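Report on one structure; see the data block that follows.
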Amino acid sequence: MTAIETKHALPSVPVDELGPNEALHRLVDDAIRLLRPKDVVVCDGTAAERNRLESLLVANGTVVRLNQKLWPNSLLARSDPSDVARLEQVTYVCLPDKQDAGPSIKHKYPEEGHREITALMTGAMEGRTMYVAAVSMGPCGGKRSRVFVQITDFPLIILMKHLMTRVLGRDALIELGKYGRFECGLQTVGMPIAAGGTDVPWPCNSTKMICHFPKERRPGVPRVLSFGSGYGGNALLPKKCDLRLAMSDAREEGNLVEHMALMGRDGENGRRYFLAAKPSACGKTNFAMIGTSFLGDDLVRAYEGTDGRLWAFALEKGIFGVAPGTNDETNPEVMSMLRKGDVIFINVAYLPESGSVWWEGMTNAPPAERVRDWQGQEWTPGCGRKAAHANSRFTVSIRNCSKLDPRWDDPDGVPVDAILFGGRRTEHGGVPLVVEYGNTTAGVYGGATLSSEQTAAADGKLGVSRIDPFAMYPFYAYHVGDHCAHWLKVFSQMAHPPRFYSVNWFQKDGAGNFAWPGFVDNDRVLDWIDRRIAGQAKALRTPLGYSPLFDDFDLSGLNIDRATFETLTQPRPQFWLGELDRQAVWFAEVGERLPAVLAERHAELCQLFEEAARAV
Ligand code: SPV
Ligand code: MN
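Quick note: the sequence shown uses my numbering, first residue 1201, plus one each step.
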């Protein structure tokens, strides 16, 4: 790197605190020279660190402390209005061969990516403190876990890491130095502070860019660089940014790293573990909590165990959940987790008189007291604006969860009985409430063609439906066709693969109301799945797979008659012929890397549904 003139002397690498790992020294040294911070702090994840950072953020106006009685030790942050969601349009994966990118990736060549992001990052931390934080993705010390070291200049990200991830303390960092490999990334809000200048409450840059380099694997060289944003998925690198890198590495290791929730449920047949792949803001967190035990709501690593089954563990130890719509009925467990305290809320509404927070759907009626919206403006129910941003979030540790699975921190994970794919599809008589796929190929086909209406979790057009394979569309770091092939390979070789299901809670009736009650009632679907796996529940064979029967599905206490249930559960040929057309358009975009068996399954489905349509 060429020497760049700095306004102040550069800090030196805190060698003693980093331990003996040369690659870690190189990472920090290179980062200092590129970003030119005023000082460097190595994080340790302690309560003292948390208190220090919290005071700093309060003093800067980034967060306010909430009423200690209502929300103990909890904070509210309001972001800049330009920094509220993941930024798909400026998130790039840099690959030497463009053919490897496929239709879901915004591609750059590595030289181009390096040049552009380096130009943005040069001197970007002037006047700021640079933090170095190492976390373990998965149980600490687990042989399938990996350490991710993030460099950041936004203390809020460190506080969020305390809640969401296992931060390595001093001793673990020194241990890492002795033997460990680690992944790493740089992230900056991209707003240097001039000498004598002051900070703003939510620093960010109107230019934002994230570049991943999944093929570059040199110890201590960052594989993801994120500029200009302080928002969750863009800035908390061990979340979606490392997902992109890890999904790419997992393919080479023969494993899976995926965007899925992991939960346990006790039924007639003992505890079963379920993985659920759902696109962002489609109720994955709520779903993950309706079972008997909870392990994680967003990211998992899954692999074939020596018993020939699929095993999985969650990578995080906290939840970054969507606030709007969360209440004591839709997710009583998470509400009680939030009330236990140590929560960071982002972009919900603030009640200045009581020091409380509110969001749409938290209570039926808006608060009787004064409300400030997520941007701090006075808000009244009739004003025409939302009080909380549609993608407003809470960050909470899973230690607050009363149904934490006893095996949540087991480095081997838990054995998985079923994988569920589910999107948000509102058409009445469209994507059924639940379908069991008849075999592994049909199951992988279901994952590869999962589709959902777009939500506020990313900066896209709301409500437009797109195919979101395996709920990974925004997180790909290699060709989607190769990912489909990888799933086929992993599961077709497995001695005892899990079963695969499609679920959809979001059908609306002719009057525009949800046709299925959803939330805790989704447990009725899990009950059917449990009994299916045990060979106890009957089903109707359809072209798509197996559908539940009215007489063998727990509808007690619900006002759902036979006809309504059949509309909810049985695939309608006309609807599916339309879906298959859309799938064909998508498959054409995927191109020749689409595995042949998926094209064959498409042809088979077309034939079966055409026959069914003629028979109607
Ligand atoms: C998602 O959008 O899928 C999330 C939130 O889990 S973020 O961390 O922004 O990706
Ligand atoms: Mn997610």
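Glycine included, every Cβ here is placed at the ideal spot set by N, Cα and C.
All values derive from a computational prediction rather than experimental measurement.
Judged by DSSP in its simplified three-state form, residue 1319 adopts helix.
In the structure shown, the three-state DSSP call for residue 1496 is strand. Placement of the Cβ of residue 1498 at a distance of less than 7 Å from at least one heavy atom of the ligand MN is found.
Ranking 1392, 1503, 1548 and 1594 by CA distance to the CA of residue 1611 puts 1503 first.
In terms of CA proximity to residue 1537, 1485 leads the group 1555, 1485, 1500 and 1761.
For residue 1807, the uninterrupted alpha helix (DSSP H) run begins and ends at 1796–1815, by DSSP.
Counting other Cβ atoms within 10 Å of its Cβ, residue 1520 reaches 16 or more and is therefore classed as buried. Between the alpha carbons of residue 1548 and residue 1577 lies a distance of about 12 Å. The ligand MN has no heavy atom closer than 7 Å to the beta-carbon of residue 1592.
Shown here, residue 1751 sits in a helix according to DSSP, grouped into three states.
Short of 6 Å from the beta carbon of residue 1414, and not among the five residues preceding or following it, lie these beta carbons of its own chain, in chain order: 1445, 1448 and 1677. Cβ-Cβ distances below 8 Å link residue 1296 to 1309, 1310 and 1415 in the same chain, with the five nearest sequence neighbours on each side left out; the list follows chain order. Along the segment 1690–1778, the beta strand (DSSP E) occurs as fully enclosed runs of 3 or more residues at 1699–1703, 1739–1741 and 1746–1748, listed in sequence order. Per DSSP, residue 1406 lies in no alpha helix (DSSP H) segment and is marked neither H nor E. Between the alpha carbons of residue 1806 and residue 1780 lies a distance of about 7 Å. For residue 1250, the secondary structure class from DSSP, reduced to helix, strand or coil, is helix.
With a cutoff of 7 Å, residue 1459 counts as near the ligand MN, since its C-beta is closer than that to a heavy atom of the ligand.
Secondary-structure assignment with DSSP links residue 1511 through a beta bridge to 1503 and 1615. Under DSSP, residue 1470 takes part in a beta bridge, and its partners are 1467. DSSP lists 1549 as the beta-bridge partner residues of residue 1558. Contact check for residue 1694 against residue 1454 fails: the beta carbons are separated by 8 Å or more.
Residue burial annotation: residue 1510 is buried, with at least 16 other C-beta atoms found within 10 angstroms of its C-beta. Around residue 1431, the same chain offers 1279, 1283, 1284 and 1285 as residues with beta carbons nearer than 7 Å, after the five sequence neighbours per side are excluded. With fewer than 16 other beta carbons inside 10 angstroms of its own, residue 1269 counts as exposed. Of all C-beta pairs linking the segment 1243–1257 to the segment 1358–1375, three or more are shorter than 8 Å, placing the two stretches in contact. Taking 8 Å as the upper bound for CB-CB distance, residue 1623 and residue 1704 are in contact here, some 7 Å apart. In the DSSP assignment, residue 1458 is bridged to 1500.
Here DSSP, grouped into helix, strand and coil, assigns residue 1312 to helix. The secondary-structure analysis by DSSP pairs residue 1307 across a beta bridge with 1293. When the beta-carbon positions are compared, residue 1481 and residue 1670 stay at least 8 Å from each other.
The Cβ neighbour count for residue 1412, taken over all protein chains shown within 10 Å, is at least 16; the residue is labelled buried. Residue pairing from DSSP places residue 1411 in a beta bridge opposite 1292 and 1425.
By the C-beta criterion, the segment 1326–1336 is judged not to be in contact with the segment 1487–1498, since fewer than 3 inter-stretch pairs fall below 8 Å.
Residue 1681 is not a Cβ neighbour of residue 1341, given a cutoff of 8 Å. DSSP places residue 1520 in the strand class (E or B) of the three-state scheme. DSSP places residue 1622 within a strand segment (E or B) once states are collapsed to three.
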